[in-house]
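Student: One structure coming up, written as structure tokens, with questions to follow.
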Amino acid sequence: MKPTKIGDPNYFHKVVDCQWACPAHTPVPEYIRLIAEEKYTEAYMLNWDSNVFPGILGRTCDRPCEPACRRVRTEEKAVAICRLKRVAADNKGDVSAYMPIVPTDKNGKKIALIGAGPASLAVARDLLPLGYEVHLFEKEEKGGGFMRSQIPAFRLPVEVLEEEVDRILDMGVICHFGTEITSMRDLLDQNFDAYFVGTGAPRGRDLELPGREEVDDHIHIGIDWLSSVAFGHVSNIQGKVIVMGGGNTAMDCCRTSRRLGAESVKVVVRSAFEVMKASEWEKEDAMREGIPIINNRPPKEFVHENGKLKGIVFECVTPVRGEDGRLKYEPSGEPDEFIECDHVLMAIGQDNHCPWIERDLGMDFDKWDCPVLDDETLQSQHPKVFFGGDSAFGPENIIWASAHAHKAAISIHLLCQGKDPKKDRPPEGVNLLSTKMGVHEWAYDSQHDDSLRFQVPLVEKTIALSDIKVEVELGFDKELGASEAQRCLNCDIQTVFSEDLCIECDACVDICPMDCISFVENADEEDLRKTLTAPALEESQDLYVSDELKTKRVMVKDEDVCLHCGLCAERCPTNAWDMQRSVIHVPQLGSYNA
Amino acid sequence: MTFIAKPRVHHPSLPRNDLGLTRRDYEGSVSTLCAGCGHDSVSASVVQACAELSLPPHRFVKVSGIGCSSKTPSYFLNKSHGFNSVHGRMPSVMTGANLANRDLLGIGVSGDGDSASIGLGQFAHIVRRRINMLYLVDNNGTYGLTKGQFSATNDRGSTSKKGIANLYEPIDLVSMALQLGASFVARSFSGDKKQLVPLIKAALKHKGMAFIDVISPCVAFNNHVGSTKSYEFTRDHRDTAVNADLILTSPEVMADYEEGAREDVAMPDGSTLRLYKLDADYDPHDRVGALNYVQKMQEEGTVVTGLLYVDSNPVECHDIMGTVKTPLAQLTEDELCPGSNILESINESFR
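Here the protein sequences line up with chains A and B, keeping their order.
Just so it is clear: in the first sequence, position 226 is 225 by numbering that gives the first Met the number 0, and no numbers are missing.
Just so it is clear: in the second sequence, position 108 is 107 by numbering that gives the first Met the number 0, and no numbers are missing.
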């Protein structure tokens with residue numbers, strides 16, 4: 000193999016699995032270290048810079064970082080990255096001094112944002128410090144988008160939401176609330192310098208089954224119903240409720256019903272438990288509240304009597320794993336199952352829907368009603384129109400909206416400066432800083448902590464179920480947060496090797512607890528992976544290969560399960576190994592006032 | 000010196016041996032020697048060898064004297080018996096331990112100061128007595144603990160860190176061990192575990208005195224240009240006579256070695272010691288030939304490594320003395336002190 004180019008920003012970025020997996024590339028280990036140092040405000044701001052909504056995400060994020068966490072590979076349970084973010088948000092001090100300075104003299108460019116959800120808000124935050132005049136159009140009376148309308152208050156208290164939404168609005172967004180945009184053509188005629196569409200995926204799917212028409216009053220589209228609850232239009236649900244669907248919306252629907260007075264709530268899912276779309280922890284939360292999840296039951300028909308819903312008939316199927324590894328469903332032979340109910344909440348997915356964008360404006364849409372976009376610039380075929388959040392590529396999570404917003408803001412800024420949003424994009428970068436403070440002294444806590452993942456304390460169940468506004472999770476307190484923070488392996492403190500200093504004494508090989516380091520004859524990657532001290536079988540993880548050493552061998556380090564404990568550097572007599580903090584520079588506008 | 004404890008977590012694919020233990024279960028505490036010390040690689044090799052042989056850690060007795068080398072038993076086989084004795088006196092203690100309990104696996108670790116200077120007399124006599132043990136010398140040619148004076152194994156002409164040449168002839172422990180009757184004599188290099196680990200495995204299975212002299216560079220005081228015991232000098236001036244490998248099950252034919260260059264020696268426990276002769280004319284069973292070869296190569300400035308001599312029918316101390324098979328430590332008082340009648344009859348036999 001050729002020597003690894005550690006100057007490539009992606010190389011060490013990939014080693015920081017959590018940051019690499021985060022769509023917004025939040026520098027996770029760095030903020031976790033700040034939490035361990037009780038620097039909550041600084042930890043919050045570091046998050047705010049990357050993902051814009053730390054308090055909200057610390058409660059609701061889909062956490063792509065956690066399955067990626069190296070700890071999953073070294074001991075099974077990831078660091079509770081998401082809930083640590085909440086620790087920073089809960090304990091932060093006054094952040095006003097850190098806010099970016101928004102110039103009073105504007106730069107003369109006007110930007111229109113459509114929809115006041117996370118994507119538009121994040122674009123506003125990135126552009127305002129550069130002097131843009133930002134107009135936000137929203138059909139509801141308040142900002143927040145689906146963070147307000149679809150996430151129930153027992154998961155995300157309104158105060159937390161409003162604090163972070165208002166922080167951006169207060170930077171000087173010109174808000175047009177209660178203003179539904181019904182024609183893109185009319186908006187384009189207003190001659191904004193750029194347009195950003197962040198209207199989400201607002202259409203909940205329905206199910207065409209026999210009897211559907213007749214019982215329309217008793218069937219509710221999940222996201223619309225949650226929105227009605229959020230805005231106070233619905234405050235109770237009577238009788239027996241069936242929630243259909245296996246995603247996070249289904250979990251929110253069933254838990255909300257439980258709190259609004261339903262006599263009984265059942266979740267019925269077409270597919271098997273393990274392939275349900277809902278996050279593991281959301282399924283657990285629902286089951287903890289006594290809500291049964293019934294799997295392998297595709298619905299057949301709605302049963303009604305005199306226009307009144309009686310229940311639903313379900314077919315019984317068995318999942319069988321096909322040769323391609325995917326689950327297929329075969330009839331189980333059991334008789335159809337009838338489940339009584341008075342209301343049905345449909346949470347079987349949602350789609351993009353932009354009827355207000357005329358189809359003759361030069362923008363094409365695919366069959367899912369998603370616009371044709373450049374996925375790097377998020378520019379549509381109309382050069383002035385950009386998309387982000389769910390409206391860009393279909394339903395995702397808040398963290399994706401933040402990530403899209405950063406990219407789109409750069410594109411908009413380049414466009415407004417007369418530059419090319421694709422060719423003139425700023426490059427990524429990496430800085431490496433030695434953490435060596437002295438003999439056996441490092442600027443980070445290198446000692447490995449073998450504690451198991453700490454549990455987030457919950458409010459007592461009877462209290463939680465009595466009021467929809469009571470937040471279920473209490474969050475880690477400072478002490479638990481500090482303990483959990485110690486579990487982080489500091490994967491951004493990189494093992495950097497200098498071949499010209501190495502005397503090949505094997506001290507690093509001998510001390511490495513994970514057998515990551517080998518000195519071997521060079522070969523192709525495929526052969527090398529098999530011949531190392533411990534076989535490097537996780538192919539998604541890179542091998543760090545040095546230049547040729549004096550003995551004609553090379554140093555090969557398997558990045559896979561390295562604990563970043565620094566023992567290799569500690570036992571190296573010549574400082575050929577050094578522990579260096581990698582700071583990844585992901586281009587972004589409007590950084591905070593550090 | 001490192002203060003951080005080595006994390007207990009290990010590689011997910013780390014194999015378990017026949018006892019269900021991983022290599023990590025054979026480790027000791029984290030070394031307090033200088034970073035980069037060759038001795039740590041020797042300790043790591045002992046750990047690996049014992050783990051691969053599935054030997055129970057609690058059946059070992061590890062004994063050492065004084066010096067950097069003699070600190071190392073703390074860094075391997077945490078769960079075994081051990082004794083850190085007086086300077087140069089490891090052989091006395093090991094002899095006692097072996098006489099009292101012949102079933103224990105003995106590892107004696109010593110250094111060039113401990114064995115070639117203050118303990119030279121002890122070294123000579125334990126080899127003569129052919130105690131059944133592995134005698135490991137971590138040989139770095141310098142007194143590291145007292146800041147780098149020449150030791151008795153330092154070559155004449157080899158320079159100190161300040162550039163002053165050594166005026167005296169070196170003691171070659173390998174030649175002495177051959178001459179004094181060790182039945183297994185090897186030399187290796189701490190920077191070559193591929194060679195060292197199989198040698199340690201073979202030595203642990205050998206019945207009798209197994210002596211391994213390991214060139215183990217001192218990074219603090221004897222790893223400079225001009226030193227003949229540095230990593231670089233040893234790598235450049237090393238020649239291997241015979242490599243050994245221990246095969247625990249029935250041996251398979253290896254294609255990459257020519258027939259004449261390979262030899263299998265049956266070991267008492269049923270395993271096979273396989274020798275790979277890198278020099279076709281070398282005979283690892285010829286004691287006098289080995290002695291000559293080592294001396295001749297030394298004259299030429301070459302450090303010969305590998306398995307230099309192995310006696311196919313070794314004799315150990317208990318064979319010579321005709322002691323009972325049961326370890327003395329396990330005999331009852333009645334058996335050890337059979338009474339005055341027996342004493343009388345013995346005395347009578349001399350009259």
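Built from N, CA and C at the ideal position, the CB exists for glycine as well.
Everything numeric in this text was worked out from a predicted model, so none of it was measured.
Once you ignore the five residues that flank V92(B) on each side, which residues in its own chain have a CB closer than 6 Å to its CB?
Tutor: Numbered from 1 along the second sequence, position 93 holds the residue referred to as residue 92(B). Excluding positions up to five away in sequence, the list reads V62, F82, S84.
Student: Alpha carbon to alpha carbon, how far is G209(B) from G37(B)?
Tutor: Within the second sequence, numbered from 1, the residue matching residue 209(B) stands at position 210. Within the second sequence, numbered from 1, the residue matching residue 37(B) stands at position 38. As written in the sequence, residue 209(B) is Ala, which differs from the Gly given in the question. Near 21 Å, if we compare the C-alpha coordinates of G37(B) and A209(B).
Student: Residue range of the alpha helix (DSSP H) that S517(A) falls in?
Tutor: Counted from its first residue, the first sequence places residue 517(A) at position 518. Element bounds for S517(A): not the alpha helix (DSSP H) but the beta strand (DSSP E), 516–519.
Student: Suppose only complete runs of 4+ residues qualify. What are the alpha helix (DSSP H) ranges in the stretch 193–275 of chain A, listed by chain order?
Tutor: Counting only runs of 4 or more, we get 221–229, 247–258.
Student: When the cut-off is 7 Å and only beta carbons count, does C571(A) lie next to chain B?
Tutor: Taking the first sequence and counting its residues from 1, one reaches residue 571(A) at position 572. By this cut-off, C571(A) is an interface position.
Student: Determine, using beta carbons only, whether S596(A) and F176(A) come nearer to each other than 7 Å.
Tutor: Lying outside 0 to 593, the shown extent of chain A, residue 596(A) is not represented and no answer is given.
Student: Have a look at I338(A), K383(A), A123(A) and flag the residue whose alpha-carbon is nearest the alpha-carbon of V101(A).
Tutor: The residue you call residue 101(A) lines up with position 102 of the first sequence. V101(A) has its Cα closest to that of A123(A), out of I338(A), K383(A), A123(A).
Student: Return no unless some Cβ of chain A is closer than 7 Å to the Cβ of A151(B).
Tutor: Taking the second sequence and counting its residues from 1, the one referred to as residue 151(B) is at position 152. Chain A, which has no Cβ nearer than 7 Å to the Cβ of A151(B), makes this no.
Student: Could you please give the first and the last residue of the uninterrupted alpha helix (DSSP H) stretch that includes T40(A)?
Tutor: Position 41 of the first sequence, counted from the start, is the residue given in the question as residue 40(A). 39–50 is the extent of the alpha helix (DSSP H) around T40(A).
Student: Return no unless some Cβ of chain B is closer than 7 Å to the Cβ of A535(A).
Tutor: Reading the first sequence from its first residue, position 536 is the one you call residue 535(A). For A535(A), the answer is no, since every Cβ of chain B falls outside 7 Å of its Cβ.
Student: Would F188(B) pass as an interface residue toward chain A - the criterion being a Cβ-Cβ separation below 7 Å?
Tutor: Within the second sequence, the letter at position 189 stands for residue 188(B). No - not a single Cβ of chain A is within 7 Å of the one on F188(B).
Student: Rounding to the nearest angstrom, what Cα-Cα distance links A79(A) and P66(A) in this structure?
Tutor: Counted from its first residue, the first sequence places residue 79(A) at position 80. Counted from its first residue, the first sequence places residue 66(A) at position 67. Going from the Cα of A79(A) to the Cα of P66(A) covers about 10 Å.
Student: Kindly list, in the order they appear in chain B, the residues whose Cβ is closer than 8 Å to that of E74(A).
Tutor: Along the first sequence, read from residue 1 onward, the residue named residue 74(A) stands at position 75. Ordered by position in chain B, the residues that pass the 8 Å Cβ test against E74(A) are V8.
Student: List the residues that DSSP assigns as beta-bridge partners of Y142(B).
Tutor: One-based indexing of the second sequence puts residue 142(B) at position 143. Beta-bridge pairing links Y142(B) to Q148(B).
Student: Give me the Cα-Cα distance between R258(A) and L464(A), rounded to the nearest whole angstrom.
Tutor: Position 259 of the first sequence, counted from the first residue, corresponds to residue 258(A). Position 465 of the first sequence, counted from the first residue, corresponds to residue 464(A). Near 5 Å, if we compare the C-alpha coordinates of L464(A) and R258(A).
Student: When we look at the beta-carbon of E315(B) and count the other beta-carbons within 10 Å, is it buried (16 or more) or exposed?
Tutor: For this step, residue 315(B) is matched to residue 316 along the second sequence. With 16 or more other Cβ atoms within 10 Å, it is buried.
Student: What's the C-alpha gap between C369(A) and Q349(A)?
Tutor: Against the first sequence, residue 369(A) aligns to sequence position 370. Against the first sequence, residue 349(A) aligns to sequence position 350. Going from the Cα of C369(A) to the Cα of Q349(A) covers about 12 Å.
Student: For A50(B), write down the residues that DSSP places opposite it in a beta bridge.
Tutor: Counting from 1 along the second sequence, the entry for residue 50(B) is found at position 51. For A50(B), which the question treats as bridged, DSSP gives no partner whatsoever.
Student: When you compare only the Cα positions, how much space is there between I125(B) and T94(B)?
Tutor: Locating residue 125(B) in the second sequence gives position 126, counting from the first residue. Locating residue 94(B) in the second sequence gives position 95, counting from the first residue. Looking at the two C-alpha atoms, the distance is approximately 7 Å.
Student: Using C-beta distances below 7 Å, list every residue in its chain close to S410(A), excluding the 5 sequence neighbours before and after it, in chain order.
Tutor: Here residue 410(A) is taken as the residue at index 411 of the first sequence, counted from 1. Around S410(A): T376, L377, Q378, F385, P420.
Student: Please confirm if M436(A) has its CB atom under 7 Å from at least one CB of chain B.
Tutor: Taking the first sequence and counting its residues from 1, one reaches residue 436(A) at position 437. Not an interface residue.
Student: Cβ closer than 8 Å: which chain B residues qualify as neighbours of H447(A)?
Tutor: Here the question's residue 447(A) lines up with position 448 in the first sequence. Within chain B, the residues near H447(A) are P6, V8.
Student: Any C-beta of chain B within less than 8 Å: which residues of the stretch 549–583 of chain A qualify?
Tutor: Under the 8 Å Cβ criterion, the stretch 549–583 of chain A contributes K549, T550, V560, L562, C564, G565, L566, E569, R570, C571, P572, T573.
Student: With a threshold of 16 other CB atoms inside 10 Å of the CB of S249(B), please say whether the residue is buried or exposed.
Tutor: Along the second sequence, read from residue 1 onward, the residue named residue 249(B) stands at position 250. Bear in mind that a pLDDT of 48 at S249(B), under 50, signals an unreliable position, so the number given afterwards is only what the model happens to contain. With fewer than 16 Cβ atoms within 10 Å of its Cβ, S249(B) is classed as exposed.
Student: Roughly how many whole angstroms lie between the Cα atoms of G231(A) and C252(A)?
Tutor: Taking the first sequence and counting its residues from 1, the one referred to as residue 231(A) is at position 232. Taking the first sequence and counting its residues from 1, the one referred to as residue 252(A) is at position 253. Cα to Cα, the separation comes out at about 15 Å.
Student: What distance in whole Å lies between the Cβ atoms of V214(A) and W224(A), which are believed to be in contact at a cut-off of 8 Å?
Tutor: As a working note, residue 224(A) is residue 225 in the first sequence. As a working note, residue 214(A) is residue 215 in the first sequence. About 15 Å; that fails the 8 Å criterion.
Student: Counting only the same chain and skipping the five closest in sequence on each side, list residues whose C-beta sits under 6 Å from that of V560(A).
Tutor: As a working note, residue 560(A) is residue 561 in the first sequence. Cβ neighbours of V560(A) beyond the five flanking positions: R72, T73, M513.
Student: Could you tell me whether any Cβ in chain B is nearer than 7 Å to the Cβ of A20(A)?
Tutor: One-based indexing of the first sequence puts residue 20(A) at position 21. No, no contact with chain B.
Student: So which residues on chain B does I502(A) lean against when the C-beta distance must stay under 8 Å?
Tutor: Here residue 502(A) corresponds to residue number 503 of the first sequence, with the count starting at 1. Within 8 Å Cβ-Cβ: G35, V218, N222, Y230, E231.
Student: Tell me, please, which residues DSSP counts as bridged to K174(A).
Tutor: The residue labelled residue 174(A) in the question sits at position 175 within the first sequence. With the sequence shown as reference, residue 174(A) is identified as Cys, and Lys is not the correct amino acid for it. Beta-bridge pairing links C174(A) to L135(A).
Student: If the cut is a Cβ gap below 9 Å, which residues of chain A does R234(B) touch?
Tutor: Taking the second sequence and counting its residues from 1, the one referred to as residue 234(B) is at position 235. Ordered by position in chain A, the residues that pass the 9 Å Cβ test against R234(B) are E503, K549, T550.
Student: Check the C-beta distance from P28(A) over to Y43(A) and give it rounded, since I have them as a contact under 8 Å.
Tutor: Locating residue 28(A) in the first sequence gives position 29, counting from the first residue. Locating residue 43(A) in the first sequence gives position 44, counting from the first residue. Rounded, the Cβ-Cβ distance is 16 Å, inconsistent with contact.
Student: Between F2(B) and chain A, is any beta-carbon pair separated by less than 7 Å?
Tutor: Position 3 of the second sequence, counted from the first residue, corresponds to residue 2(B). Yes, because at least one Cβ of chain A sits closer than 7 Å to the Cβ of F2(B).
Student: Ends of the beta strand (DSSP E) at L566(A)?
Tutor: Position 567 of the first sequence holds residue 566(A). Segment 566–569 is the alpha helix (DSSP H) holding L566(A); no beta strand (DSSP E) there.
Student: So that I know if they touch, is there some Cβ in chain A lying closer than 7 Å to that of D39(B)?
Tutor: Taking the first residue of the second sequence as position 1, residue 39(B) is located at position 40. It does; some Cβ of chain A falls within 7 Å.
Student: Do you know offhand how far G19(B)'s Cα is from K5(B)'s?
Tutor: Along the second sequence, read from residue 1 onward, the residue named residue 19(B) stands at position 20. Along the second sequence, read from residue 1 onward, the residue named residue 5(B) stands at position 6. Between G19(B) and K5(B), the C-alpha separation is close to 21 Å.
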